[in-house]
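What follows is a set of notes on a single structure, which appears directly below.
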Amino acid sequence: MFDAHCHLDDERFADDLTAVLARARTAGVQSFISAGYSPERWRRQSTIATQEEGVYVAYGIHPWHVSAHMDEPSSVMLAALDACLSDDVYIKPVGIGEIGLDRSHYVEEASYPLQVEVFRAQLALAREKDLPVVIHAVKTHADVLSFLKKDGVPKRGGQIHAFSASIEIAREYVKLGMSLSFGGAVTRPHAKRARTAAYEIPGEMLLCETDAPDMTPPGFPHRRNEPTSLPLVLQSIAELREIPLEEAVALTSQNTKHLFAIED
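Take any residue in the sequence shown, count from 1 to its spot, add 992: that is its number in the numbering used here.
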């Protein structure tokens, strides 16, 4: 199994990451995309990926980080990312992200213009570096779609992380060549939009994730989410698409490897 989006560098894993990954591997989760958040955490991401087999990284500036640093010029944030991508001290990434736009209660609304500026600049960087993007979109799908259409999707496409919007929005992303990644939401019977999209989109555009340590699904025995919960997500995907679990595992694993150009 391949966890297409998690945050292994999160401080909530600082004390027991080795055990977390051991539990994941015992559960059959062998590979992980470690999504970026902020310049302060990229070095930790790189170290983990260097030390742990099957961990691949995407570096990026998360919209929550942008919101928390509104006094910092975008040029400073973006220069840090460009330096990270050019510095051999950091393991080479397989994508740019987690980037995006957020208008939820978690962010300052006044940060939105800066979020847009940083998001579009990172999209341009992904196109320049020929890397797929990992996109966070919360209450902003119309704007994200608009910028992808206006500015251009990276040639390698990308991932819409933790997708839970309507099937109409899902189809718009798929038309642009963006893969949709589903997490714990699809395990919830009332999450009808996410479940409909997971059922209807083309199989080749389907990814599965945990977003650990966040988005803990029902039935997982701990408050902190871990990649170990991925089988719960995949079981729901298999049931929704009426395919064997083994087929769902093979499909989403291969899709993740293809998107991020990871060889077997």
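For every residue, glycine included, the Cβ atom is placed at its ideal position computed from N, Cα and C.
Computed from a predicted model, the values in this text were never measured in an experiment.
- Excluding sequence positions up to five before and after PHE1212, its CB lies within less than 6 Å of the CB of SER1221, all in the same chain and listed in chain order.
- Apart from the 5 residues on each side of it in sequence, GLY1176 sits with its Cβ closer than 6 Å to the Cβ of MET1207 and PRO1209 in its chain, given in chain order.
- Judged by their CB atoms, VAL1049 and VAL1012 are not nearer to each other than the 9 Å cut-off.
- Only exposed fits GLY1144, as fewer than 16 other CB atoms lie within 10 angstroms of its CB.
- Within the same chain, and ignoring the five residues on either side of ASP995 in sequence, the residues whose Cβ sits closer than 8 Å to its Cβ are ALA1016, VAL1021, SER1023, PHE1024, ILE1025, CYS1200, GLU1201, THR1202, ALA1204, PRO1219 and LEU1222.
- Sequence-distant partners of SER1038 (beyond 5 residues in either direction) whose C-beta falls short of 7 Å from its own C-beta, in its chain, are VAL1049, TYR1082 and ILE1083.
- In this structure the region 1121–1128 does not lie against the region 1062–1072, because fewer than three pairs of beta carbons, one per stretch, are closer than 8 Å.
- Restricting attention to ALA1154, HIS1128, HIS1153 and ALA1116, the CA atom closest to the CA of LYS1142 is found in ALA1116.
- Nearest in C-alpha terms to GLU1032, of all of ALA1014, MET1197, ALA1102 and ASP1002, is ASP1002.
- The three-state secondary structure of GLU1090, taken from DSSP, is strand.
- Secondary structure at PHE1174: strand, using DSSP grouped into helix, strand and coil.
- Look at the region 1013–1086 and you find these whole runs of alpha helix (DSSP H), each 4 residues long or longer: 1031–1043, 1055–1060 and 1066–1078.
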